[in-house]
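See below for the structure under consideration.
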Amino acid sequence: MSKLSLYKNDAFIRDCRKKLDDLVQSTQEVNAALLATEDGFQLCSVMIEDDNTQRLSAASSSLLALAVSLSAEFGLEKCKSIHIDSETGKILLSQINADGYSLVLLIQGSTNSMLGHVLYSGNTLRESIIGLLNTYSSSFDF
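Numbering (my numbering), first residue to last: 26 to 167.
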């Protein structure tokens, strides 16, 4: 299965969206979540207006690419995430790599969210999506 085929697989997208929805519904401090390809195309999102998803997907991908480049300039390898801490909330951008696939996860935390909680929630969701990538990619012959 090609990368594009997996990214267009309805069952994979449905399961990823459920993981995002579970996070937003179960974590009071998380307002929204989005999953995109590394080149900035949205796969699924929860609690984000449809008008914004493609723009947010592209911006998330670009910001994470800049973070990887900046990290490399300092000799830091394998940049996994960046966070933005503002007066009105938090944003976590996390790179998800598994089995030759690379995705970008965006999580928006509320004004009252604690950075540690957003990071923990993001890492838990990241691991769940890695599990889905491994499951779906191994069920197809390349």
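Don't be surprised by glycine CBs; every beta carbon is placed ideally from N, CA and C.
Whether residue i touches residue j by CB criterion (8 Å)
i    : j    : result
L68  : D124 : no
K115 : V143 : yes
V224 : A36  : This structure cannot settle anything about residue 224, because the visible part of the chain is limited to 26 through 167.
I121 : I154 : yes
Close beta carbons around residue i, own chain, < 6 Å, minus the five adjacent residues each side
i   : result
A92 : C104, I107
Where the alpha helix (DSSP H) containing residue i begins and where it ends
i    : result
D35  : 35-51
L150 : 140-163
L89  : 75-98
Proximity to residue i [Cα-Cα], best of the options
i    : options               : result
S127 : T136, S146, S162, N56 : S162
G65  : G141, T160, L118      : L118
Residue i - partner residues in DSSP beta bridges
i    : result
H108 : L117
T62  : L128
Neighbourhood of residue i by C-beta, 8 Å cutoff - its chain only, sequence neighbours within 5 removed
i   : result
T78 : L59, Q67, S70
R80 : none
Proximal residues to residue i (C-beta, below 7 Å), its chain only, five neighbours per side dropped
i    : result
L48  : V55, A58, S146, L150
T52  : S146
T136 : T113, G114
Segment limits, beta strand (DSSP E) that includes residue i
i    : result
S135 : Neither: S135 is in no beta strand (DSSP E) and is coded neither H nor E.
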